[in-house]
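Student: Below is a structure I'd like to ask you about.
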Amino acid sequence: MNETQELSEREIEILKLVATGLSNKEIAYQLRISPNTVKVHLKNIFAKINVVSRTEAAMYAVKQGWVEAGFQPLKEENLEEELSQTPYHNPLRLSPLFIGLLGVVGLAFVGLIIFLSLNLADQNAPTVIEVVVTPTAEPARWELVTQMPVARKSMAYAAVDNKIYIIGGETPNGITDRVDIYDTVTGQWSDGARKPTPVSEACGAYVGGKIIVAGGTTPAGEVTNVVEAYDVALDRWEPWVSLPISVTGAACFVYEGNYYLGGGWNGEKVYSEIFSSPSSHEVWENSGKLTLSRAYFGVSELSERIYFVGGWNGTGGLDDISSLSLITDKQSGLEFGSMNESRYRLTSLGVLDKLYILGGLNDLEPLTNSLEINPKNRMVRSIDNPEGKAWHDHGAVSLGEYLYGFGGMLGDRLASEVYRLRVLYTILLPIIQ
Numbered sequence: 473m474n475e476t477q478e479l480s481e482r483e484i485e486i487l488k489l490v491a492t493g494l495s496n497k498e499i500a501y502q503l504r505i506s507p508n509t510v511k512v513h514l515k516n517i518f519a520k521i522n523v524v525s526r527t528e529a530a531m532y533a534v535k536q537g538w539v540e541a542g543f544q545p546l547k548e549e550n551l552e553e554e555l556s557q558t559p560y561h562n563p564l565r566l567s568p569l570f571i572g573l574l575g576v577v578g579l580a581f582v583g584l585i586i587f588l589s590l591n592l593a594d595q596n597a598p599t600v601i602e603v604v605v606t607p608t609a610e611p612a613r614w615e616l617v618t619q620m621p622v623a624r625k626s627m628a629y630a631a632v633d634n635k636i637y638i639i640g641g642e643t644p645n646g647i648t649d650r651v652d653i654y655d656t657v658t659g660q661w662s663d664g665a666r667k668p669t670p671v672s673e674a675c676g677a678y679v680g681g682k683i684i685v686a687g688g689t690t691p692a693g694e695v696t697n698v699v700e701a702y703d704v705a706l707d708r709w710e711p712w713v714s715l716p717i718s719v720t721g722a723a724c725f726v727y728e729g730n731y732y733l734g735g736g737w738n739g740e741k742v743y744s745e746i747f748s749s750p751s752s753h754e755v756w757e758n759s760g761k762l763t764l765s766r767a768y769f770g771v772s773e774l775s776e777r778i779y780f781v782g783g784w785n786g787t788g789g790l791d792d793i794s795s796l797s798l799i800t801d802k803q804s805g806l807e808f809g810s811m812n813e814s815r816y817r818l819t820s821l822g823v824l825d826k827l828y829i830l831g832g833l834n835d836l837e838p839l840t841n842s843l844e845i846n847p848k849n850r851m852v853r854s855i856d857n858p859e860g861k862a863w864h865d866h867g868a869v870s871l872g873e874y875l876y877g878f879g880g881m882l883g884d885r886l887a888s889e890v891y892r893l894r895v896l897y898t899i900l901l902p903i904i905q
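For the sequence shown, my numbering begins at 473 and goes up steadily by one.
The structure is reproduced here in structure tokens:
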């Protein structure tokens, strides 16, 4: 058995990302695993391919043809130049108070650097590192980026590399089988292979090179247990083992190479069960239950926990937020309690230390805002929805420094717009060695 065969699918996936210059934290964020898990994988990868540095590992990936032959790993001395050329980095609008605080911190920081430079001039030149932080400045605004080829809602979706894959859903002409792919770097749309089984209200997630799309509602109005997987590299669909139950409006996530699907309903019963399938797609396993039966809810990973947000229990919306520890497998409610209002048909995303609850439907009044929550300090910030309107049955992914939200019902119309919200900012810090 040669060295390439010794690497698992997940190890090859991580090695490819290392070769693109991503840090452990960025790799962890993109693959929805912890930085410690990335470190363990890298240790195993280095041992298997007999290298001792990320650069050697990157060159190994080039030799294997896993990245473009012309690739050059990002060097410390040109990091600032590379970042300055990144597209779509709009200036942050800050309040005068925040600018003043930044000024004070900035002067103190400059003074510290001057002091260190004068006192450590005989030591090695400083190394520039990048630090990614989440902003707290107001206001946070959605920015219109582009339009989907077709307006739609209740679609499956996933982010892979720099692309957003939008699958199925309901258009003005009914439930569709189309797959639209948006490249966030080039701004171009392309078509993917049509899904064999058209569905809406299915759930998609990326694992092992494939986007798994499970369950949903067919054009005939039937709830299905069909599962199909889209091979991103080959642009083709293949059958996956069917779900134990027919379900629509479920939520899904990926952890440690397994696809998890929880909740949803069959048109009569709302489920609490969680099922999982490994990337081998040979079987579905029962992996526990949600604290509440719910459908049309949000799910996201944040700080080694999976958060289940809002949803619908068969009679009305929920304001509950519960979480499942990926370490202890125990569920618990958040310490700061529930949301102020019920929300279902929403999306949620975890980014570094914050949980973003985007849009949602409320039975009593239109919800024209989204929420940014920090579970550690219980701080909650309201963010206006696009156009200041109610927004539900949409899709949302996190890519780079932005959240992307698309489609759904925006106000009283079926939307085709793709918006983005900047939630991460990169700063450069010199480290004196």
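Virtual Cβ for every residue (Gly too), placed ideally from N, Cα, C.
Return yes when the Cβ of Pro507 is within less than 8 Å of the Cβ of Asn522, no when it is not.
Tutor: What you label residue 522 is simply residue 50 of the sequence shown in a count that begins at 1. What you label residue 507 is simply residue 35 of the sequence shown in a count that begins at 1. Against a cut-off of 8 Å, the Cβ pair of Pro507 and Asn522 comes out as no contact.
Student: Where DSSP assigns a beta bridge to Tyr816, which residues make up the other side?
Tutor: Counting from one through the sequence shown, the residue named residue 816 turns up at place 344. Note: Tyr816 sits in a beta bridge opposite Leu833.
Student: Please report the Cβ distance between Gly640 and Asp649, rounded to the nearest whole angstrom; I am assuming they are in contact, meaning their Cβ atoms lie under 8 Å.
Tutor: Translated into positions along the sequence shown, residue 640 becomes position 168. Translated into positions along the sequence shown, residue 649 becomes position 177. Going by Cβ atoms, the distance from Gly640 to Asp649 rounds to 6 Å, so yes, they are a contact pair.
Student: By how many angstroms is the C-alpha of Leu839 removed from the C-alpha of Glu813?
Tutor: Residue 813 sits at position 341 when you count from the first residue of the sequence shown. Residue 839 sits at position 367 when you count from the first residue of the sequence shown. Going from the Cα of Glu813 to the Cα of Leu839 covers about 9 Å.
Student: Excluding sequence positions up to five away, which residues of its chain have a Cβ less than 8 Å from the Cβ of His513?
Tutor: Residue 513 sits at position 41 when you count from the first residue of the sequence shown. Cβ within range, chain order: Arg482, Glu483, Ile486.
Student: Apart from the five residues on each side of it in sequence, which residues of its chain come closer than 7 Å, Cβ to Cβ, to Leu616?
Tutor: Mapped onto the sequence shown, residue 616 falls at position 144. Same-chain partners within the cutoff: Glu889, Tyr891.
Student: Between which two residues does the alpha helix (DSSP H) harbouring Ala519 extend?
Tutor: What you label residue 519 is simply residue 47 of the sequence shown in a count that begins at 1. First-last of the alpha helix (DSSP H) with Ala519: 507-521.
Student: If you draw a straight line from the C-alpha of Trp737 to the C-alpha of Val719, how long is it?
Tutor: Mapped onto the sequence shown, residue 737 falls at position 265. Mapped onto the sequence shown, residue 719 falls at position 247. Approximately 5 Å between the Cα atoms of the pair.
Student: Can you give the Cα-Cα distance for Gly760 and Ile746, rounded to whole angstroms?
Tutor: Against the sequence shown, residue 760 aligns to sequence position 288. Against the sequence shown, residue 746 aligns to sequence position 274. So the two alpha carbons sit approximately 5 Å from each other.
Student: Measuring straight from C-alpha to C-alpha, what distance separates Ala887 and Arg850?
Tutor: Within the sequence shown, residue 887 is the residue found at index 415, counting from 1. Within the sequence shown, residue 850 is the residue found at index 378, counting from 1. Each residue's Cα considered, the two are about 33 Å apart.
Student: If you run the structure through DSSP and keep just helix, strand and coil, what is Met811?
Tutor: For the purposes of this step, residue 811 is identified with residue 339 of the sequence shown, where counting begins at 1. Coil at Met811, not helix or strand.
Student: Please list, in chain order, all residues of the same chain as Gly681 whose beta carbon is under 8 Å from its beta carbon, the five residues on each side excluded.
Tutor: Stepping through the sequence shown from its first residue, residue 681 is reached at position 209. Result list for Gly681: Glu481, Glu485, Asp703, Val704, Ala705, in chain order.
Student: Specify the secondary structure class of Arg613 as computed by DSSP and reduced to three states.
Tutor: As a position in the sequence shown, residue 613 is number 141, starting the count at 1. Arg613 falls in the coil class under three-state DSSP.
Student: Given a cut-off of 8 Å, decide if Ala674 and Ala628 are closer than it, judged by their beta-carbon atoms.
Tutor: By one-based count along the sequence shown, residue 628 stands at place 156. By one-based count along the sequence shown, residue 674 stands at place 202. It is a contact, given that the beta carbons lie within the stated cut-off.
Student: Let me check understanding here. Comparing Cα to Cα, which of Leu893, Glu740, Leu871 lies closest to Asn857?
Tutor: In the sequence shown, residue 857 corresponds to position 385, counting from 1. Residue Leu893 is the option with its Cα nearest to Asn857.
Student: Within the continuous alpha helix (DSSP H) that includes Lys497, where are the two ends?
Tutor: Taking the first residue of the sequence shown as 1, we reach residue 497 at position 25. Element bounds for Lys497: 496-503.
Student: Measuring alpha carbon to alpha carbon, tell me which residue in Asp825, Ala767, Val852 is nearest Leu818.
Tutor: Walking along the sequence shown from the start, residue 818 turns up at place 346. Of Asp825, Ala767, Val852, the residue nearest in Cα terms is Ala767.
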